[in-house]
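Chemist:
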Ligand SMILES: C[S@@+](CC[C@H](N)C(=O)[O-])C[C@H]1O[C@@H](n2cnc3c(N)ncnc32)[C@H](O)[C@@H]1O
């Protein structure tokens with residue numbers, strides 16, 4: 350079974366599950382979780398973002414994905430690293446798996462942002478501007494974030510940086526790009542959004 354190394358730990362990657370790449374690592378490097386915080390790992394894939402939170406001593410991680418195999422994969426990795434007690438794995442689309450009033454200290458999402466005519470690959474394809482899932486996420490995360498909470502998400506410059514800033518500002522958030530990585534024809538961006546009130 351293919352595997353990768355993350356912070357010196359081995360993570361398995363099952364077939365049909367997103368193999369952590371530059372985007373996953375850039376996001377993980379910039380996600381800061383404090384001890385005892387609760388984390389929502391949206392689009393968990395192999396589980397890398399949730400595991401990163403567990404490594405930073407999160408108290409609880411809820412991981413979700415539309416892909417059932419990804420959830421099995423993430424669970425396998427969390428168990429292999431001894432983190433299973435703090436994890437919950439729930440299948441669903443975006444915030445579907447959460448109760449209306451369920452809130453977290455930290456929300457992390459590396460969405461499918463690739464510009465694509467059809468949506469064939471759920472781990473990659475984000476529609477014509479690569480924003481289909483991203484925009485839904487940006488409109489929905491705030492009600493599941495605690496006061497004082499932080500949301501981290503990744504996108505590429507090809508999706509439009511300003512569009513994300515605008516969507517966040519319209520909701521009263523100050524958006525900050527905390528990391529950038531230049532790739533061949535695009536730039537990966539990590540956004541951090543703080544919920545002050
Ligand atoms: C780019 S991969 C990221 C995987 C992992 N978090 C990482 O950083 O490597 C996007 C993940 O989001 C999942 N996904 C796509 N659309 C989703 C949706 N609407 N709701 C929940 N998960 C979704 C995909 O199945 C895939 O596992």
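Residue numbers (the numbering used here): 350 to 546.
Every residue, glycine too, gets a C-beta built ideally from N, C-alpha and C.
As the structure is a computational prediction, the values presented were derived from the model and not from experiment.
Using a Cβ-Cβ cut-off of 7 angstroms (strictly less than) and excluding sequence neighbours within five positions of residue 404, which residues of its own chain qualify?
Modeler: In the chain shown, residue 404 corresponds to position 55, counting from 1. Excluding residues within five positions, the ones whose Cβ falls inside 7 angstroms are 356.
Chemist: Run the proximity test for residue 369: is its beta-carbon closer than 6 angstroms to any non-hydrogen atom belonging to ligand 1?
Modeler: Residue mapping note: residue 369 aligns to position 20 of the chain shown, counting from 1. The answer is yes for residue 369.
Chemist: Give me, in chain order, the residues of the same chain whose beta-carbon lies closer than 8 angstroms to that of residue 361; leave out the 5 immediate sequence neighbours on both sides.
Modeler: What you label residue 361 is simply residue 12 of the chain shown in a count that begins at 1. Excluding positions up to five away in sequence, the list reads 350, 351, 352, 395, 422, 425, 426, 429.
Chemist: Would you grab the beta carbon distance between residue 379 and residue 527 for me? Rounded to a whole angstrom, and I think it's under 8 angstroms.
Modeler: Here residue 379 corresponds to residue number 30 of the chain shown, with the count starting at 1. Here residue 527 corresponds to residue number 178 of the chain shown, with the count starting at 1. With a contact defined as Cβ atoms closer than 8 angstroms, residue 379 and residue 527 qualify at about 5 angstroms.
Chemist: Taking 6 angstroms as the cut-off, is the beta-carbon of residue 364 closer than that to any non-hydrogen atom of ligand 1?
Modeler: As a position in the chain shown, residue 364 is number 15, starting the count at 1. No, since every heavy atom of ligand 1 falls outside the 6 angstroms radius drawn around the Cβ of residue 364.
Chemist: Given residue 407, which residues of its chain have a CB within under 6 angstroms of its CB, disregarding the five upstream and five downstream residues?
Modeler: Position 58 of the chain shown, counted from the first residue, corresponds to residue 407. Closer than 6 angstroms at Cβ, skipping near neighbours: 382, 386, 388.
Chemist: Write down the C-beta distance between residue 485 and residue 477 rounded to the nearest angstrom, noting that I regard them as a contact closer than 8 angstroms.
Modeler: If you number the chain shown from 1, residue 485 lands on position 136. If you number the chain shown from 1, residue 477 lands on position 128. Separation of the CB atoms of residue 485 and residue 477 is rounded to 15 angstroms, and the pair is thereby denied contact status at 8 angstroms.
Chemist: Ligand 1 heavy atoms versus the CB of residue 442: any closer than 6 angstroms?
Modeler: Looking up residue 442 in the chain shown gives position 93. Checking every heavy atom of ligand 1 against the Cβ of residue 442, one is found closer than 6 angstroms.
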